[in-house]
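Trainee: Below you'll find the structure I mean.
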Ligand code: HEM
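Numbering (the numbering used here), first residue to last: 150 to 288.
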């Protein structure tokens, strides 16, 4: 029961984070083409103001619940080395933790990311993470 609750929390929190990236990359960016510079800056300002309340917290929840799911799912490493599942789950967890750490450092501690600054790469990584989360069980 606890596992299902944690997994649901994981799913809802990544839904919020992924939804934010989706809106930013596919909806807001398009507005840039039709709105004036001032209007676009105003819209972005509102978007940032209201998403800041929820999205960073959702990211923290995603990482904490993810660590728990990882702990339960990874399993022991056999003498033959890592299984394909463990390798893909490891990559997924690494990418998820990287995104999480990057977002948390930026929002809560004001440390700007040095590897990628915009929201395009996080968006691509989230798509990759969701893809990995689905194929890791069938490889
Ligand atoms: C923003 C980052 C993340 C996204 C978008 C994400 C997304 C997802 C999705 C979509 C699932 C699939 C659940 C299902 O099909 O039932 C999942 C499962 C899982 N995630 Fe994440 N995740 C993220 C971060 C993390 C982190 C940081 C970890 C571990 C450190 C993690 C560990 C897991 C594990 C172990 C599962 C498998 C749970 C199961 O199948 O029972 N995730 N994740």
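Beta carbons are placed, not taken as given, at the ideal position from N, Cα and C, and that holds for glycine.
DSSP state of residue 230, grouped into three classes?
Mentor: Strand.
Trainee: If you drop the 5 nearest sequence neighbours on each side, which residues of the same chain put their C-beta closer than 6 Å to that of residue 245?
Mentor: Only 215 and 278 meet the Cβ criterion.
Trainee: In chain order, what residues of the same chain lie with their CB nearer than 8 Å to the CB of residue 261, ignoring the 5 residues before and after it?
Mentor: Taken in chain order, the residues that qualify are 255.
Trainee: Let's test the definition: count the other Cβ atoms within 10 Å of the Cβ of residue 194 and tell me whether it reaches 16, buried, or not, exposed.
Mentor: Answer is exposed; the Cβ neighbour count stays below 16.
Trainee: Between the C-alpha atoms of residue 275 and residue 150, what's the straight-line distance to the nearest angstrom?
Mentor: Computed Cα separation, rounded: 27 Å.
Trainee: Can you determine whether any heavy atom of the ligand HEM sits closer than 7 Å to the C-beta of residue 279, and answer yes or no?
Mentor: At least one heavy atom of the ligand HEM is nearer than 7 Å to the Cβ of residue 279, so yes.
Trainee: I'd like the list of long-range same chain contacts for residue 184, defined as Cβ closer than 7 Å, with 5 residues on each side in sequence excluded.
Mentor: Within the same chain, residue 184 has close Cβ partners 192.
Trainee: When the Cα atoms are used, what is the spatial distance from residue 221 to residue 163?
Mentor: When rounded, the distance between both Cα atoms is 19 Å.
Trainee: Does the Cβ of residue 225 have 16 or more other Cβ atoms within 10 Å, making it buried, or fewer, making it exposed?
Mentor: By the 10 Å Cβ count, residue 225 comes out exposed.
Trainee: Let me know if residue 249 comes out buried or exposed under the rule of 16 or more other beta-carbons within 10 Å of its beta-carbon.
Mentor: Per the 10 Å Cβ criterion, buried.
Trainee: How would you call residue 166, buried or exposed, if buried means at least 16 neighbouring beta carbons within 10 angstroms?
Mentor: With 16 or more other Cβ atoms within 10 Å, it is buried.
Trainee: Tell me whether the beta-carbon of residue 285 lies closer than 8 Å to the beta-carbon of residue 237.
Mentor: In contact: residue 285 and residue 237 (Cβ atoms closer than 8 Å).
Trainee: Please confirm whether any heavy atom of the ligand HEM lies closer than 7 Å to the CB of residue 159.
Mentor: Yes, since a heavy atom of the ligand HEM falls inside the 7 Å radius drawn around the Cβ of residue 159.
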